[in-house]
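> This structure is in structure tokens; I'll ask about it shortly.
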Amino acid sequence: MDLWFESALLEDGWADRVRLRLASGRIETVERGVDPAAGDERHFVALPGLPNVHSHAFQRAMAGLAEARARADDDFWSWRELMYRFVERIGPDECEAIAALAYAEMLEAGFTRVGEFHYLHHAPDGSRYDDVAEMSGRIAAAAETVGIGLTLLPVFYAHGGFGGQPAGAAQARFLNDVDGFAGLVERAGAKLPQDGVIGIAPHSLRAATLEELCELLPVAKGGPVHIHIAEQVKEVADCLAWSGRRPVRWLLDAMPVDARWTLVHATHVEADEMAGIVASGAVAGLCPITEANLGDGVFPAAAFMAGGGTIGVGSDSNVRIDAAEELRLLEYGQRLTRRARNVLAGEERPATGARLFAAAVKGGGRSLGVQTGLAAGRPADIVSFNRDDPAFAERKGDALIDSWVFASRVGIDCVWRGGMKRVEGGRHRQRDTIEAGYRRALARLMA
Ligand code: ZN
Numbered sequence: 000m001d002l003w004f005e006s007a008l009l010e011d012g013w014a015d016r017v018r019l020r021l022a023s024g025r026i027e028t029v030e031r032g033v034d035p036a037a038g039d040e041r042h043f044v045a046l047p048g049l050p051n052v053h054s055h056a057f058q059r060a061m062a063g064l065a066e067a068r069a070r071a072d073d074d075f076w077s078w079r080e081l082m083y084r085f086v087e088r089i090g091p092d093e094c095e096a097i098a099a100l101a102y103a104e105m106l107e108a109g110f111t112r113v114g115e116f117h118y119l120h121h122a123p124d125g126s127r128y129d130d131v132a133e134m135s136g137r138i139a140a141a142a143e144t145v146g147i148g149l150t151l152l153p154v155f156y157a158h159g160g161f162g163g164q165p166a167g168a169a170q171a172r173f174l175n176d177v178d179g180f181a182g183l184v185e186r187a188g189a190k191l192p193q194d195g196v197i198g199i200a201p202h203s204l205r206a207a208t209l210e211e212l213c214e215l216l217p218v219a220k221g222g223p224v225h226i227h228i229a230e231q232v233k234e235v236a237d238c239l240a241w242s243g244r245r246p247v248r249w250l251l252d253a254m255p256v257d258a259r260w261t262l263v264h265a266t267h268v269e270a271d272e273m274a275g276i277v278a279s280g281a282v283a284g285l286c287p288i289t290e291a292n293l294g295d296g297v298f299p300a301a302a303f304m305a306g307g308g309t310i311g312v313g314s315d316s317n318v319r320i321d322a323a324e325e326l327r328l329l330e331y332g333q334r335l336t337r338r339a340r341n342v343l344a345g346e347e348r349p350a351t352g353a354r355l356f357a358a359a360v361k362g363g364g365r366s367l368g369v370q371t372g373l374a375a376g377r378p379a380d381i382v383s384f385n386r387d388d389p390a391f392a393e394r395k396g397d398a399l400i401d402s403w404v405f406a407s408r409v410g411i412d413c414v415w416r417g418g419m420k421r422v423e424g425g426r427h428r429q430r431d432t433i434e435a436g437y438r439r440a441l442a443r444l445m446a
């Protein structure tokens, strides 16, 4: 099938009158400066799909339920209590239905692959399902139904605090020992949809000891390794009290962190820790909407990117699923704290939204273990803009992306994933069915 675009952001920059030939889920050829042929599907503007490096799909179902004050000092930890209560009620069917809606909304937003940081492994009392990877299978099934690319990151969780403290009862569904986890990862890997990638995710330094981290790494078999790190000030203080080092410093000193790693919410970092992340090649997984929602703090993105750091963005709690908004809020957090504009613009790419988008496409691919970008041989993961959105009137090149990130309301028209058109007119083609399944699951959950 051939797609023709008035313009496209290709791997080496913008080009006009571009024809992409798709075959076997990939971009077979790229032609520039050509007229559309009879039978070509014609569109306005093409961008590469954006990877979503960090998601907990099930949390989509509690979006909006944690915005009423429960106590005067509401914070991340009181949010987590509510999340744990919610978790107790989610079975395999609910997990799959919620993930399907979250993934459909990701595609609609321009995310074409998700890194699912999946920790809901077992039955509510902690007992194993007959198939130990039942819940991972449901995540894979949701991704396959919806058509989003999946990098599945089963989470290793064994403890409730630094230094191997015992886990609490509310964490029973997440827990494994290293051997059990290795078996789970093996089984989960066999359930992946086509072009799925499997990695591992030690949950945090609170949940895994040094010995366990060392034993876990071979389980990844060279795939991506993701970890939550330094999201909370209390987490940093607890890590200092336990080890005398801050979490990122501790991790860099203790583990062979490299470009396979993604450090999710490296929010609270000092200059030497940032330099260490940059030198390692690891990706900083930033989740601006969730970090704002949970009151985590602001990552020093300006210094990190100026120093050569690699970023990816993630929708994390999925309280809102909006790729443009993640990029916008990433920049706005910097503007608000530094009282300046266009803080994250690049030397070579002064358009702020376009620079962040390009960085997140590239870094997101590294984080999720796949190639990204529009070029021959790459996966046919393509997003088209909606010509009818007045935000795009008389815009060209990078100004189109800036207008999408900062100004547009209905910017996305179509999304192809692995060569298949999944979103048309801004709406997932199976949205009605997926949404009905979600509503039934929510009715059971909230009953
Ligand atoms: Zn997370």
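Residues in the sequence shown are numbered consecutively from 0, following numbering that gives the first Met the number 0.
For every residue, glycine included, the Cβ atom is placed at its ideal position computed from N, Cα and C.
Straight-line CA distance for Phe43 to Arg394?
For this step, residue 43 is matched to residue 44 along the sequence shown. For this step, residue 394 is matched to residue 395 along the sequence shown. If I take the Cα positions, the gap works out to 12 Å.
> Leaving out five residues before and five after Glu27 in sequence, what residues of the same chain have Cβ atoms less than 7 Å from its Cβ?
Within the sequence shown, the letter at position 28 stands for residue 27. Counting only Cβ-Cβ distances below 7 Å, and skipping sequence neighbours, we find Arg20, Leu21 and Ala375.
> Could you work out which residue in Leu81, Arg127 and Asp34 is closest to Leu293 when comparing CA atoms only?
For this step, residue 293 is matched to residue 294 along the sequence shown. For the residues Leu81, Arg127 and Asp34, the minimum Cα distance to Leu293 belongs to Leu81.
> Can you check whether the CB of Gly198 is closer than 7 Å to the CB of Ala219?
Taking the sequence shown and counting its residues from 1, the one referred to as residue 219 is at position 220. Taking the sequence shown and counting its residues from 1, the one referred to as residue 198 is at position 199. Yes; because the gap between Cβ atoms is below 7 Å, this pair is in contact.
> Looking at the C-beta of Ala406, does it have a partner C-beta in chain C at a distance below 7 Å?
The structure shown contains no chain C; it holds only a single protein chain.
> Could you tell me the distance, in whole angstroms, from the CA atom of Asp403 to the CA atom of Gln170?
On the sequence shown, residue 403 is found 404 positions in, with the first residue counted as 1. On the sequence shown, residue 170 is found 171 positions in, with the first residue counted as 1. Contrary to the premise, residue 403 reads as Trp rather than Asp in this sequence. Near 40 Å, if we compare the C-alpha coordinates of Gln170 and Trp403.
> Hey, which unbroken runs of the alpha helix (DSSP H) at 4 residues or more fall wholly within the region 141 to 226?
Fully enclosed alpha helix (DSSP H) runs of 4 or longer: 177 to 188 and 209 to 215.
> Is the Cβ-Cβ distance between Ile288 and Gly352 less than 7 Å?
As a position in the sequence shown, residue 288 is number 289, starting the count at 1. As a position in the sequence shown, residue 352 is number 353, starting the count at 1. Taking 7 Å as the Cβ cut-off, Ile288 and Gly352 do not qualify as a contacting pair.
> Is Asp315 close to the ligand ZN? I mean its beta-carbon at under 6 Å from any heavy atom of the ligand.
Translated into the one-based positions of the sequence shown, residue 315 becomes position 316. True, at least one ligand heavy atom lies under 6 Å from that Cβ.
> Work out the CA separation of Arg430 and Ala99 for me, nearest whole Å.
Your numbering for residue 99 matches position 100 in the sequence shown. Your numbering for residue 430 matches position 431 in the sequence shown. The alpha-carbon atoms of Ala99 and Arg430 are separated by roughly 9 Å.
> Given a cut-off of 7 Å on the beta-carbon distance, is the pair Gly363 and Gly311 in contact?
Your numbering for residue 363 matches position 364 in the sequence shown. Your numbering for residue 311 matches position 312 in the sequence shown. A contact, by the Cβ cut-off of 7 Å.
> Assess, as a yes-or-no matter, whether the region 100 to 116 is touched by the region 85 to 92 under the definition of 3 or more beta carbon pairs within less than 8 Å.
They do not touch, by the three-pair rule.
> Considering only the alpha carbon of each residue, which of Arg245, Asp257, Glu269 and Val184 lies closest to Phe161?
For this step, residue 161 is matched to residue 162 along the sequence shown. Residue Arg245 is the option with its Cα nearest to Phe161.
> Taking the runs of the alpha helix (DSSP H) that are 4 residues or longer, which of them lie wholly in the region 349 to 403?
Runs found: 351 to 367.
> Where do the N-terminal and C-terminal ends of the alpha helix (DSSP H) with Cys413 fall, by residue?
What you label residue 413 is simply residue 414 of the sequence shown in a count that begins at 1. Unbroken run through Cys413 is the beta strand (DSSP E), Ile411 to Arg416; no alpha helix (DSSP H).
> Suppose contacts are defined by Cβ-Cβ distances below 7 Å. Is Gly284 in contact with Gly308 by that definition?
Reading the sequence shown from its first residue, position 285 is the one you call residue 284. Reading the sequence shown from its first residue, position 309 is the one you call residue 308. Cβ distance not < 7 Å, so Gly284 and Gly308 don't count as in contact.
> Span of the beta strand (DSSP E) holding Gly284?
If you number the sequence shown from 1, residue 284 lands on position 285. Its beta strand (DSSP E) spans residues Val282 to Leu285.
> Could you name the residues that DSSP lists as bridge partners for Ala14?
Mapped onto the sequence shown, residue 14 falls at position 15. Beta-bridge pairing links Ala14 to Ala7.
> Between the C-alpha atoms of Leu151 and Ala392, what's the straight-line distance to the nearest angstrom?
Here residue 151 refers to the residue found at position 152 when the sequence shown is read from its first residue. Here residue 392 refers to the residue found at position 393 when the sequence shown is read from its first residue. Taking the straight line joining both Cα atoms gives about 39 Å.
> Can you grab the Cα-Cα spacing for the pair Thr266 / Met273, in whole Å?
Counted from its first residue, the sequence shown places residue 266 at position 267. Counted from its first residue, the sequence shown places residue 273 at position 274. Roughly 10 Å separates the two Cα atoms.
> So is Ala67 buried or exposed if we call it buried at 16+ other beta carbons inside 10 Å?
Position 68 of the sequence shown, counting from 1, holds the residue named residue 67. With fewer than 16 other Cβ atoms within 10 Å, it is exposed.
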